[in-house]
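Protein chains in written order, with my numbering: chain L, 24 to 227; chain V, 41 to 286; chain U, 5 to 223; chain A, -6 to 142. For each residue, glycine too, the CB sits at the ideal point set by N, CA and C.
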Amino acid sequence: MLQGCNLECVRGDRRLFRDVNFSLEAGGLMQVQGPNGSGKTSLLRMLCGLAAPAHGEILWNGAEIRSLGGDYYAVMTYLGHLGGVKDDLTAIENLRISSALGGIEIDENKAHEALQHMGLGGRELLPAKVLSQGQRRRVTLARLLVCGTVLWILDEPLTALDTAAVKLVQGLMERHLEHGGMIVMTTHQEIEITAIATQRLQLA
Amino acid sequence: MAINWFKYSSPASFYFLAGKMIPLFSIAAIVLCAVGLYIGFFVAPTDFQQGEAYRIIFIHVPAAWMSMFLYVVMAMWSGIGLAFNTRLSSMIATAIAPTGAMFTFLALWTGALWGKPMWGTWWVWDARLTSELILLFLYIGFMSLQAAIDDPRRADKAGAMIALVGVVNIPIIYFSVKWWNTLHQGASVSLTQSPKMATTMLTGMLIMSLACWMYAIAVVLIRTRAIILERERHTAWVGELQGATP
Amino acid sequence: MFFWIIRRDLLLAMRRRADVLTTLFFFIIVVSLFPLGVGPEMNMLRTMAPGVVWVAALLAAMLSLGRMFASDHLDGTLEQMLLSPQSLPLLVLGKALAHWLVTGVPLVLMAPVLGIQYDLPVDALLVLTISLLLGTPVLSLIGAIGAALTLGLRGGGVLVSLLVLPLYIPVLIFGAGAVEASAAGLGAGAHMSLLGAFLLASLVLAPWTTAISLRISME
Amino acid sequence: MKPRHKKLAIIASSVTALGVASILVLNAFQSNLVFFFSPSQVAANEAPVGKSFRIGGLVEEGSVKRQSDGVTVNFVVTDTAKVIPVVYTGILPDLFKEGKGVVAQGKLANDGIFRADEVLAKHDENYMPPEAASALEQADKARQTVLVQ
Chain L
24 MLQGCNLECV
34 RGDRRLFRDV
44 NFSLEAGGLM
54 QVQGPNGSGK
64 TSLLRMLCGL
74 AAPAHGEILW
84 NGAEIRSLGG
94 DYYAVMTYLG
104 HLGGVKDDLT
114 AIENLRISSA
124 LGGIEIDENK
134 AHEALQHMGL
144 GGRELLPAKV
154 LSQGQRRRVT
164 LARLLVCGTV
174 LWILDEPLTA
184 LDTAAVKLVQ
194 GLMERHLEHG
204 GMIVMTTHQE
214 IEITAIATQR
224 LQLA
Chain V
41 MAINWFKYSS
51 PASFYFLAGK
61 MIPLFSIAAI
71 VLCAVGLYIG
81 FFVAPTDFQQ
91 GEAYRIIFIH
101 VPAAWMSMFL
111 YVVMAMWSGI
121 GLAFNTRLSS
131 MIATAIAPTG
141 AMFTFLALWT
151 GALWGKPMWG
161 TWWVWDARLT
171 SELILLFLYI
181 GFMSLQAAID
191 DPRRADKAGA
201 MIALVGVVNI
211 PIIYFSVKWW
221 NTLHQGASVS
231 LTQSPKMATT
241 MLTGMLIMSL
251 ACWMYAIAVV
261 LIRTRAIILE
271 RERHTAWVGE
281 LQGATP
Chain U
5 MFFWIIRRDL
15 LLAMRRRADV
25 LTTLFFFIIV
35 VSLFPLGVGP
45 EMNMLRTMAP
55 GVVWVAALLA
65 AMLSLGRMFA
75 SDHLDGTLEQ
85 MLLSPQSLPL
95 LVLGKALAHW
105 LVTGVPLVLM
115 APVLGIQYDL
125 PVDALLVLTI
135 SLLLGTPVLS
145 LIGAIGAALT
155 LGLRGGGVLV
165 SLLVLPLYIP
175 VLIFGAGAVE
185 ASAAGLGAGA
195 HMSLLGAFLL
205 ASLVLAPWTT
215 AISLRISME
Chain A
-6 MKPRHKKLAI
4 IASSVTALGV
14 ASILVLNAFQ
24 SNLVFFFSPS
34 QVAANEAPVG
44 KSFRIGGLVE
54 EGSVKRQSDG
64 VTVNFVVTDT
74 AKVIPVVYTG
84 ILPDLFKEGK
94 GVVAQGKLAN
104 DGIFRADEVL
114 AKHDENYMPP
124 EAASALEQAD
134 KARQTVLVQ
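Dropping the structure here:
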């Protein structure tokens, strides 16, 4: 269970938000909404432990995430709006390395399968710099297929994707939620995901 | 004790407390400096081997002591700020750096002025002089790093890292005259041995050190107040302050 | 995981060979410029050689420091590293090691050849190479701290030199000193054992410090 | 390896590395990392041969002799065990006196005379008025006379 208590975020001189509270159970989806500059990305970076809240605490199963350290990172996958795709590496190398960083080492075949599933069949051996924006996004999202973590924190996962890919990713998320996973995400698009508990967190 | 120390760790109350303390330390610095210089120039006797030229010791040694001492204090406050996320201690560390750099520069400069007539050279690359020069570079690095970072929280923490890494240099400076054969002489004053100076000379030097210390405290407090105002300019209490003195 | 990172960085360096070669050529050109500037007097060149080679190595190492984390920072890989369940200091150690393999080792291999330009005797060349072998990893390890602290800052390149060069001074003194001592017939043992001590201490402390610095810079 | 064991292994190897590092530092300090060499070290062939280096010690009492040209000076540096004769042409620092500390940079010639390019005075950390110094000296002499008797 992921909980946020009285979270406050300050960027420079500006207070982006304060008193943000939520609680996310197994199978739950939380959609963070708000206009540009309202602190969505900042909140997500706090939730994954990259940034510390100016005030308040974030709990994973009752323990402060910063005190959990590596144990928390082992159950959580964060995909930021920077995809972490290296221009000079091929799609398959990118996927294998990024999932190894996440703690799961996968072999060539498994990476191949995942990329195929994401609709990148035949392009696995191209360097990422020749791929289109949408295709690079797919390489990033392919990590979700192999990571095996419970909590997904996704910052604008659907940007640059075509309708087919959006459907694909939505299906992926639905399956994850059915299996008791949790998702925190931001998006400006309308999404159609059925989950046992969907909540919206509105940042002013 | 009944004093609530945490009360003074908030920038606002520290601002007012510092305001009251600055005049005290400034006056102490001026008086001690006057007394110290009087003793140094008029009371203390001529040295048996260096004649009158040794009198630069009354500035050189206090400056060198303060340069090392302030670095340790700066690293300590930075470390506290890093470990406990206390804003005020990081602000104090930031405020100490320019004064520390000033004393380091003064120690090097007066040392050169002293070295020319006594040793016969402005500068040698012996361990004491080189490590003191590195100290100046460390201060400069600390200040430039903090100046380059816009986000004050990141600036505090990044500065703390460089300050803490640089602390290894302090024992090297202090013990360099023992560990290596340096041209620089050993310490005249230490905790374990009786001082190797005549009493009036020692008194003058200690009073000057005290004066430098008081000066450093006063300047650091003034600078900390300025930093507090700058960083807290959007808070209610600073707004009231501006309203009160238009 | 440690080896994954090294392999990845070496792979990236292979695909961007130009970056690696620029550093190496910078080193070669700086070292070769000195005889042109100070004239061909062999005795003077011999005394200058260790200092010149070491200063050039310092500058070359520093030039390449910016790249250590910058590209990972720009494309988001650095975020992934910070959020990895693997120990971050270990990852940093891997990256510093890869940096050394890519920038330090070519310098070490090149140094004896450049030493010949300065008419250094064979035993001095040997000492110079060994001192570089011990010293250049320290440059990468300490440099990583500076690179982490200046991540994404304006004018980071100049700033990193301001932070890192003072910390490089001991390596420079004892690295160049080793060659001078051995040329003077004193044996370089003491210098070498100090360089070894620097290497071991920075192997333990630098990755850890860099890891904290990275978390500070990414917040 | 379990994470706990891995952590222990990392800590153990770190401590070992730091330990070895300190041994190396101590080892280095027993050798010749110095600003100057003493006459005894030079006599024991610990100083560089045919290269410029620094010697340091005391100027032996009664050894300073100015040559006829007025700027060349001969003197002897001693550390009370061994001595090195030095010749130097140039201006001496004010503090250069017999019985006081000196550091000279130059080369040791084949005739065993050290040809200095630069002479620096090294003073000690004692500061006192001249009267006190002479009183100390007299006390010292008195004690020695007592010892002799």
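Q.
Which complete alpha helix (DSSP H) runs does the stretch 52 to 124 of chain U hold, if anything under 4 residues is left out?
A. 81 to 86, 92 to 103, 109 to 121
Q) From Val106/U, Ile9/U, Gly108/U, Gly156/U, pick the residue whose C-alpha is nearest to that of glutamate 223/U; which is it? A) In the third sequence, residue 223/U corresponds to position 219, counting from 1. Here the closest residue by C-alpha is Gly156/U.
Q | Amino acids of chain A, ordered along the chain, whose beta-carbon sits closer than 7 angstroms to that of alanine 207/U | A | Position 203 of the third sequence holds residue 207/U. For the record, residue 207/U in the displayed sequence is leucine; it is not alanine. Here the neighbours are Ala10.
Q. Any idea what DSSP makes of cysteine 28/L, helix, strand or coil?
A. The residue labelled residue 28/L in the question sits at position 5 within the first sequence. Note: cysteine 28/L maps to strand in three-state DSSP.
Q.
Classify serine 90/L: buried if its beta carbon has 16 or more other beta carbons within 10 angstroms, exposed otherwise.
A. Along the first sequence, one-based indexing puts residue 90/L at 67. Serine 90/L is exposed by the Cβ-count criterion.
Q. Nearest to methionine 72/U by alpha carbon, out of Val175/U, Met196/U, Gly161/U, Val183/U?
A. Along the third sequence, one-based indexing puts residue 72/U at 68. The residue with the shortest Cα to Cα distance from methionine 72/U is Gly161/U.
Q: May I ask you to list the residues that DSSP assigns as paired with methionine 255/L?
A: There is simply no residue 255/L to check, as chain L begins at 24 and stops at 227 in what is shown.
Q) Are the C-beta of glycine 72/L and some C-beta of chain V separated by less than 9 angstroms? A) For this step, residue 72/L is matched to residue 49 along the first sequence. So, not an interface residue.
Q: If I'm right that proline 174/U touches phenylalanine 202/U with Cβ under 8 angstroms, what's the distance once you round it to whole angstroms?
A: As a position in the third sequence, residue 174/U is number 170, starting the count at 1. As a position in the third sequence, residue 202/U is number 198, starting the count at 1. Their Cβ separation, rounded to whole angstroms, is 7 angstroms, which keeps proline 174/U and phenylalanine 202/U in contact under 8 angstroms.
Q | Test: serine 217/U CB closer than 9 angstroms to a CB of chain V | A | Counted from its first residue, the third sequence places residue 217/U at position 213. With 9 angstroms as the cut-off, serine 217/U counts as an interface residue toward chain V.
Q) What does DSSP give as the partner residues of serine 46/L in its beta bridges? A) Within the first sequence, residue 46/L is the residue found at index 23, counting from 1. Serine 46/L is bridged by DSSP to Gln26/L.
(Q) Quick check on asparagine 143/A: does DSSP put it in helix, strand or coil? (A) Lying before the first or after the last residue shown, residue 143/A is absent from chain A, which here runs from -6 to 142.
Q: Note down the Cα distance separating leucine 223/V from alanine 114/A, rounded to an integer number of angstroms.
A: What you label residue 223/V is simply residue 183 of the second sequence in a count that begins at 1. What you label residue 114/A is simply residue 121 of the fourth sequence in a count that begins at 1. Roughly 8 angstroms separates the two Cα atoms.
Q) Taking the C-alpha atoms as reference points, what is the distance between valine 8/A and methionine 183/V? A) For this step, residue 8/A is matched to residue 15 along the fourth sequence. For this step, residue 183/V is matched to residue 143 along the second sequence. Whole-angstrom Cα-Cα distance: 33 angstroms.
Q. By the criterion of Cβ-Cβ separation under 9 angstroms, what are the contact partners of glycine 35/L in chain V?
A. To locate residue 35/L, count along the first sequence from 1; it is residue 12. In chain order: Asp190, Asp191, Pro192.
Q) Is alanine 109/A helix, strand or coil by DSSP? A) Stepping through the fourth sequence from its first residue, residue 109/A is reached at position 116. Residue state, collapsed to three classes: strand.
Q: Quick one: grab the DSSP three-state call for methionine 245/V.
A: Position 205 of the second sequence, counted from the start, is the residue given in the question as residue 245/V. If DSSP states are grouped into helix, strand and coil, methionine 245/V belongs with the helices.
Q. By the criterion of Cβ-Cβ separation under 8 angstroms, what are the contact partners of histidine 274/V in chain L?
A. Your numbering for residue 274/V matches position 234 in the second sequence. Asp36, listed in chain order.
**Q.** Close beta carbons around proline 138/V, own chain, < 6 angstroms, minus the five adjacent residues each side
**A.** Against the second sequence, residue 138/V aligns to sequence position 98. Excluding residues within five positions, none has a Cβ falling inside 6 angstroms.
Q: Mind listing the chain L neighbours of serine 88/U? Cutoff is C-beta to C-beta under 7 angstroms, in chain order.
A: Here residue 88/U is taken as the residue at index 84 of the third sequence, counted from 1. Those are Tyr96, Leu124, Gly125, Gly126, listed as they occur along chain L.
(Q) Within a Cβ cutoff of 6 angstroms, which residues of the same chain sit near valine 66/A, ignoring the five residues on either side of it in sequence? (A) On the fourth sequence, residue 66/A is found 73 positions in, with the first residue counted as 1. Same-chain partners within the cutoff: Arg59, Tyr81.
Q: Assess, as a yes-or-no matter, whether the stretch 213 to 222 of chain L is touched by the stretch 34 to 53 of chain L under the definition of 3 or more beta carbon pairs within less than 8 angstroms.
A: yes
Q. With a cut-off of 8 angstroms, do at least 3 Cβ pairs link the stretch 91 to 99 of chain A to the stretch 209 to 218 of chain V?
A. no
Q | With 16 other Cβ atoms within 10 Å as the buried cut-off, status of tyrosine 78/V | A | Position 38 of the second sequence, counted from the first residue, corresponds to residue 78/V. Counting Cβ neighbours within 10 Å, tyrosine 78/V comes out exposed, since fewer than 16 surround it.
Q. Helix, strand or coil for lysine 152/L per DSSP?
A. Within the first sequence, numbered from 1, the residue matching residue 152/L stands at position 129. Of the three classes helix, strand and coil, the one that applies to lysine 152/L here is helix, per DSSP.
Q. So what does DSSP say about threonine 49/A, is it helix, strand or coil?
A. In the fourth sequence, the residue the question calls residue 49/A occupies position 56. Here residue 49/A turns out to be glycine, not threonine, going by the sequence shown. The answer is strand: DSSP assigns glycine 49/A an E or B state.
Q: Work out the CA separation of glycine 244/V and leucine 51/A for me, nearest whole Å.
A: Mapped onto the fourth sequence, residue 51/A falls at position 58. Mapped onto the second sequence, residue 244/V falls at position 204. So the alpha carbons of these two residues sit roughly 30 angstroms apart.
Q. Taking 9 angstroms as the CB-CB cut-off, is asparagine 67/A touching chain V?
A. Your numbering for residue 67/A matches position 74 in the fourth sequence. No, no contact with chain V.
(Q) Using the three-state DSSP reduction, which class does methionine 116/V fall into: helix, strand or coil? (A) For the purposes of this step, residue 116/V is identified with residue 76 of the second sequence, where counting begins at 1. Three-state DSSP puts methionine 116/V in a helix.
Q.
Quick check on valine 117/U: buried or exposed, where buried means 16 or more other Cβ atoms within 10 Å of its Cβ?
A. Against the third sequence, residue 117/U aligns to sequence position 113. By the neighbour-count rule (16 or more Cβ atoms within 10 Å), valine 117/U is not buried but exposed.
Q: Kindly list, in the order they appear in chain U, the residues whose Cβ is closer than 7 angstroms to that of valine 35/A.
A: Position 42 of the fourth sequence, counted from the start, is the residue given in the question as residue 35/A. In chain U, no part has a C-beta under 7 angstroms from the C-beta of valine 35/A; the shortest such distance is about 12 angstroms.
Q) Is asparagine 84/L helix, strand or coil when you go by DSSP? A) Working through the first sequence from its first residue, we reach residue 84/L at position 61. Three-state result, asparagine 84/L: coil.
**Q.** Cβ-based burial, arginine 273/V [other Cβ within 10 Å; buried from 16]
**A.** Here residue 273/V refers to the residue found at position 233 when the second sequence is read from its first residue. Counting Cβ neighbours within 10 Å, arginine 273/V comes out exposed, since fewer than 16 surround it.
**Q.** Cutoff 7 angstroms; reference alanine 119/L; Cβ partners in own chain excluding five residues on either side
**A.** To locate residue 119/L, count along the first sequence from 1; it is residue 96. According to the sequence as given, residue 119/L is arginine; it is not alanine. Correct list, in chain order: Ile129, Ala134.
(Q) Looking only at its chain, what residues have a beta carbon closer than 6 angstroms to the beta carbon of glycine 103/L, apart from the 5 residues adjacent to it on each side? (A) On the first sequence, residue 103/L is found 80 positions in, with the first residue counted as 1. Cβ within range, chain order: Asp178.
Q.
Between glycine 160/U and chain V, is the shortest Cβ-Cβ distance under 9 angstroms, so that the two count as touching?
A. Against the third sequence, residue 160/U aligns to sequence position 156. With 9 angstroms as the cut-off, glycine 160/U counts as an interface residue toward chain V.
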